[in-house]
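Notes follow once the structure below has been shown.
In the UniProt record's numbering, the protein residues as written are 1 to 80.
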């Protein structure tokens with residue numbers, strides 16, 4: 001579970017290939033949504049990219065009937 005997992009964060013403000021905004025299933029069966037490489041346009045692009053990240057994350061959620069209670073509480077807060 002992510003609760004007991006390590007969190008690793010790196011800074012990469014620029015990418016030659018532009019923004020990376022996509023879902024990846026890792027080799028240990030963990031879902032990761034990448035969103036980086038905005039460079040100087042980060043403030044401008046952040047709103048739309050954040051919405052895209054939420055849209056991707058929603059597709060990864062289990063059906064409501066199978067979600068843990070704490071996830072349902074977060075849904076109420078964020079109106080997912």
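All C-beta atoms in this analysis are idealised placements derived from N, C-alpha and C, irrespective of residue type, glycine included.
None of these values were measured; they are calculated from a predicted model.
Of the listed residues the options, nearest to residue i (C-alpha basis)
i: residue 5; options: 55, 28, 40 and 68; result: 28
i: residue 40; options: 70, 14 and 7; result: 14
In DSSP terms, what residue i is bridged to
i: residue 20; result: 36
Residue i, DSSP secondary structure in three states
i: residue 6; result: coil
Under 9 Å between C-beta atoms of residue i and residue j
i: residue 38; j: residue 7; result: no
Straight-line Cα distance separating residue j from residue i
i: residue 44; j: residue 50; result: 11 Å
i: residue 70; j: residue 21; result: 27 Å
i: residue 33; j: residue 65; result: 23 Å
i: residue 36; j: residue 46; result: 10 Å
i: residue 31; j: residue 68; result: 17 Å
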